[in-house]
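Q: Sequential numbering of the sequence shown, starting at 47, is according to the working numbering.
Using N, Cα and C, we set each Cβ at its ideal position, and we do this for glycine too.
Since the structure is predicted, the reported quantities are computational estimates derived from the model, not experimental observations.
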Amino acid sequence: MAQRRNRWKEPGPVQGCSTFSDGVRPPSKWPRRRWCGVSAVVAIAAVATAAMAGGGMHRAGATVTAVRPQVAPAVIVRSATASAAAVTGTSVQLVTTLPPPVDPHCRLPVGVPSTARQVVNVDATGTAARVDLLELVDGAWVCTRENMVGRVGKNGVRALADRVSGDGTTPAGIFPLGTMTAPDGQVFQFFGNGADPGVQGAWRQVQSGDCWDETGGRSTYNTLTRRSATTCTGSDEYLPAITEAYSRAALIGANMGPDRSGDQPGEVPHAAGIFLHRFSYDAAGNAKPTSGCVSLAGLDLDAVLTALVPGQAWFVITT
Numbered sequence: 047m048a049q050r051r052n053r054w055k056e057p058g059p060v061q062g063c064s065t066f067s068d069g070v071r072p073p074s075k076w077p078r079r080r081w082c083g084v085s086a087v088v089a090i091a092a093v094a095t096a097a098m099a100g101g102g103m104h105r106a107g108a109t110v111t112a113v114r115p116q117v118a119p120a121v122i123v124r125s126a127t128a129s130a131a132a133v134t135g136t137s138v139q140l141v142t143t144l145p146p147p148v149d150p151h152c153r154l155p156v157g158v159p160s161t162a163r164q165v166v167n168v169d170a171t172g173t174a175a176r177v178d179l180l181e182l183v184d185g186a187w188v189c190t191r192e193n194m195v196g197r198v199g200k201n202g203v204r205a206l207a208d209r210v211s212g213d214g215t216t217p218a219g220i221f222p223l224g225t226m227t228a229p230d231g232q233v234f235q236f237f238g239n240g241a242d243p244g245v246q247g248a249w250r251q252v253q254s255g256d257c258w259d260e261t262g263g264r265s266t267y268n269t270l271t272r273r274s275a276t277t278c279t280g281s282d283e284y285l286p287a288i289t290e291a292y293s294r295a296a297l298i299g300a301n302m303g304p305d306r307s308g309d310q311p312g313e314v315p316h317a318a319g320i321f322l323h324r325f326s327y328d329a330a331g332n333a334k335p336t337s338g339c340v341s342l343a344g345l346d347l348d349a350v351l352t353a354l355v356p357g358q359a360w361f362v363i364t365t
């Protein structure tokens, strides 16, 4: 019996198909006419050839299969960083695979200073907020901890210029990590009744007599003063007595510093004692709104506090 002729002739073309310089055959399960009619595709890990004999193809940084002009256009699939390939005498379509879209909450908010390296982005709805920690990593802003559940003021969020101390709102705006000088001369950005979680700035362990002045019209408004529990009253906060929420906290620099409003008679006391601190809970175990601060669950709070660096960290509070 005569030897049966091989169905696929090499190296010559078969029924109008291209010649493959490496002898690649169509898969045996494909009908010949189906294989010959398909577009030439760069199957990144499947097709193997670097150059076609006779100058039929030129490639740079990608492996391609060439087709003759009479067949369908070649399709080159590549990553966003791959080089394009040019196929002589063949129309080429580039299909680029793009990275997944960036969550809008993980984009750097407009207005943040160029010196920023960490941003706590607080997007509030009512008394709840989505909180994201953004950090500059290898020249790009990324969320290093995202979609944290936070709480804000019991009356929501209001622009700093439109609020007054005691109105139950959290000030909206862009604020630096705050710095305070205590009556004993200690300069700090973080404080707490509990243990230091490992912050990168100065930590103040709350002491007996630490009173945050929140009474407008006094020169000590929105500063840490030294008073006894019996004289730190009214709207002022006696820090040693607030053990749960102020187990650890960071200063949000809203209306802080020598240019703050409210430290002179007749000035509007826009904000005092605005902190990032731990949740307070009601009897049912639910996180409560704050009096004007931003709060987080313990593990989220620790992750944020330990990432912030004085001079580099900013808070963006929006609604």
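(1) Pick from G263, S265, L154, L297: whose alpha carbon is nearest that of G238?
(2) Looking at W258: is its Cβ nearer than 8 Å to the Cβ of L285?
(3) So, at 6 Å on beta carbons, what are the nonlocal neighbours of F236 in its own chain, with the 5 sequence-adjacent residues on each side left out?
(4) Let me make sure I understand the geometry here. Which of A175, V183, E290, C278 has the alpha-carbon closest to that of A241?
(5) Could you name each continuous beta strand (DSSP E) segment of 3 residues or more that falls completely within the region 231–314, going from the start of the chain to the end?
(6) What are the partner residues of E181, as DSSP defines its beta bridges?
(7) Hey, would you say V166 sits closer than 8 Å to V183, going by beta carbons?
(8) Between which two residues does the alpha helix (DSSP H) containing A349 stretch?
(9) For E313, does the count of other Cβ atoms within 10 angstroms reach 16, so buried, or fall short, so exposed?
(10) Can you tell me where the beta strand (DSSP E) with P217 in it begins and where it stops?
(11) Skipping 5 residues on each side, what residues in its chain have a beta carbon closer than 7 Å to that of N201?
(12) Leaving aside the five residues before and after V210 along the sequence, list all residues of the same chain whose C-beta is less than 7 Å from its C-beta, in chain order.
(13) Of all the options R264, P146, Q253, which has the alpha carbon lying nearest to the alpha carbon of I288?
(14) Considering just the uninterrupted stretch of the beta strand (DSSP E) at H323, what are its terminal residues?
(15) Quick one: Cα of G367 to Cα of A207, how far?
(16) Return the Cβ separation of V168 and I320 in integer angstroms, given the expectation that the two are a contact with Cβ distance under 8 Å.
(17) So, for R264: in the same chain, excluding its five sequence neighbours on each side, which residues have a beta-carbon less than 8 Å away from its beta-carbon?
(18) Nearest to E181 by CA position, among E192, G219, T227, L270, is which residue?
(19) Can you find a C-beta in chain B that's less than 8 Å from the C-beta of A353?
(20) How would you label P335, buried or exposed, when you count the other beta carbons within 10 angstroms and need 16 or more for buried?
(21) Name, in chain order, the residues that DSSP records as bridge partners for S341.
(22) Spatial neighbours of V188 within its chain, please: C-beta separation below 6 Å, excluding the five flanking residues on both sides.
(23) Quick one: Cα of R272 to Cα of F234, how far?
(24) Just to confirm my understanding: we take P311, look at its own chain, exclude 5 residues before and 5 after, and list those with CB closer than 8 Å. What are they?
(25) Please name the residue in L351, A359, V340 whose C-alpha comes closest to that of V195.
(26) Take A275 as the anchor and find which of G255, E260, A318 has the nearest alpha-carbon.
(27) Please look up how many angstroms separate the CB atoms of R197 and F325, rounded, as I've assumed it's under 8 Å.
(28) DSSP three-state call for K334: helix, strand or coil?
(29) Ordered along the chain, which non-local residues of its own chain (more than five positions away) have a Cβ less than 8 Å from that of A205?
(30) Using a 10 Å radius around the Cβ and a threshold of 16 neighbouring Cβ atoms, would you call T227 buried or exposed?
(31) Inspect the beta-carbon positions of R294 and P229 and report whether they are closer than 8 Å.
(32) From G199 to G338, what distance separates their C-alpha atoms?
A: Result, derived from the coordinates:
(1) With distances taken between Cα atoms, G238 lies closest to L297.
(2) Yes, Cβ-Cβ distance for W258 and L285 is below 8 Å.
(3) The residues V245, G247, W249, A296, in chain order, have a CB closer than 6 Å to that of F236 in the same chain once the five nearest residues on each side in sequence are set aside.
(4) By alpha-carbon distance to A241, the top candidate from A175, V183, E290, C278 is E290.
(5) Counting only runs of 3+ residues, the beta strand (DSSP E) found wholly inside the region 231–314 occupies 236–238, 249–251, 256–258, 270–272, 295–297, in chain order.
(6) Q164, V188.
(7) Judged by beta-carbon spacing, V183 lies beyond the 8 Å limit of V166, meaning their Cβ atoms are not closer than that value.
(8) Note, A349: alpha helix (DSSP H), 344–351.
(9) It is exposed - the Cβ of E313 has fewer than 16 other Cβ atoms within 10 Å.
(10) In the DSSP annotation of this structure, the continuous segment of the beta strand (DSSP E) that includes P217 starts and ends at 216–222.
(11) If we look at N201 and ignore the five residues flanking it on each side, its Cβ neighbours are D213, G214, T215.
(12) Contacts found: V314, P315, H316.
(13) Of the listed residues, the one whose Cα sits closest to I288 is Q253.
(14) 321–324 is the extent of the beta strand (DSSP E) around H323.
(15) Past the edges of the chain, shown from 47 to 365, lies residue 367, and the structure says nothing about it.
(16) The distance from the Cβ of V168 to that of I320 is about 11 Å, inconsistent with a contact at the 8 Å cut-off.
(17) Excluding residues within five positions, the ones whose Cβ falls inside 8 Å are D309.
(18) Of the listed residues, the one whose Cα sits closest to E181 is E192.
(19) No chain B is present in this structure, which holds just one protein chain.
(20) Residue burial is scored here from C-beta neighbours: P335 has at least 16 other C-beta atoms within 10 angstroms and is therefore classed as buried.
(21) The partner list for S341 (beta bridge, DSSP) reads R197, H323.
(22) Within the same chain, no Cβ atom closer than 6 Å to the Cβ of V188 is found once the five residues on either side in sequence are excluded.
(23) For R272 and F234, the distance between alpha carbons rounds to 15 Å.
(24) Excluding residues within five positions, the ones whose Cβ falls inside 8 Å are G263.
(25) Residue V340 is the option with its Cα nearest to V195.
(26) The shortest C-alpha separation from A275 is found at G255.
(27) For a cut-off of 8 Å, the C-beta gap from R197 to F325 is around 7 Å, short enough to register as a contact.
(28) In the displayed model, K334 falls within coil according to three-state DSSP, outside both helix and strand.
(29) Cβ-Cβ distances below 8 Å link A205 to P217, A218, G219 in the same chain, with the five nearest sequence neighbours on each side left out; the list follows chain order.
(30) Exposed.
(31) Taking the C-beta atoms as reference points, P229 is found no nearer than 8 Å to R294.
(32) Roughly 4 Å between the two C-alpha positions.
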